[in-house]
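Residue numbers (the numbering used here): 685 to 879.
Glycine included, each C-beta is placed from N, C-alpha and C at the ideal position.
Below: one structure, written as structure tokens.
If you want it as structure tokens, here you go:
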């Protein structure tokens, strides 16, 4: 079938190349076309609850990108820099750098340390992971309890839960740049830091 609009043809072709899995099954046998086979099951690594992978990617590259996402979001869930170091390049660039945060790999370390001072039990759920070409798109949910201080406000143990959306650009072997947006309005309301 021919399409007069190239965009429609591209969209339909791209849709046929994607495979998806929701909440990877616990079964011992995983089908070859099931993206769950790409998940690194190393204990301690966060696992995506939903995974969609571009079917045109080779298995090696797809597995690499899924693992990089797992490493990155394990860092956000634990604060352990060995996961961050394994995920991002020394030349990493944050394209949506918030004011006051250093550029490069020092930025995520700075953000994690400061936020963990406010929410020491912070965890990171990798709710949705989309792997397409050299891009990883993730929806994460960050949770914990505000027991520290943030912006001069002392926490009272209140629950914190908010979403973030990230796009990571993967180079040859690590993430080289990103774009991100967090639901800061919800976060600040939960922290009691809004005016």
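Query: Meets three-Cβ-pair contact criterion under 8 angstroms: the stretch 750-764 and the stretch 804-811; Result: yes
Query: Proximity to residue 741 [Cα-Cα], best of 753, 825, 723 and 818; Result: 818
Query: Residues bridged to residue 820 (per DSSP); Result: 815 and 852
Query: For residue 827, the three-state DSSP class (helix, strand or coil); Result: strand
Query: Under the three-state DSSP convention, the category residue 806 falls into; Result: coil
Query: Terminal residues of the alpha helix (DSSP H) in which residue 755 lies; Result: 743-762
Query: According to DSSP, residues forming a beta bridge with residue 847; Result: 825
Query: Contact belief for residue 749 with residue 815 at Cβ below 8 angstroms, rounded distance in angstroms; Result: 5 angstroms
Query: Endpoints, the beta strand (DSSP E) within which residue 774 is located; Result: 772-778
Query: Cα-Cα separation between residue 877 and residue 791, rounded to whole angstroms; Result: 22 angstroms
Query: Whole-Å CB distance - residue 871 paired with residue 844, under 8 angstroms assumed; Result: 7 angstroms
Query: Reduced DSSP category for residue 870 - H, G, I as helix; E, B as strand; rest coil; Result: helix
Query: Own chain, CB closer than 6 angstroms to residue 801, minus 5 neighbours either side, in chain order; Result: 832
Query: Where residue 718 falls: helix, strand or coil (DSSP); Result: coil
Query: Spatial neighbours of residue 706 in its chain, beta-carbon cut-off 6 angstroms, leaving aside the 5 residues before and after; Result: With a pLDDT of only 49 at residue 706, under the threshold of 50, the placement of this residue in the model should not be trusted; the figure read from the coordinates follows. The residues are 734.
Query: Cβ shell of residue 767 (< 6 angstroms), same chain only, five flanking positions each side left out; Result: 755, 758 and 759
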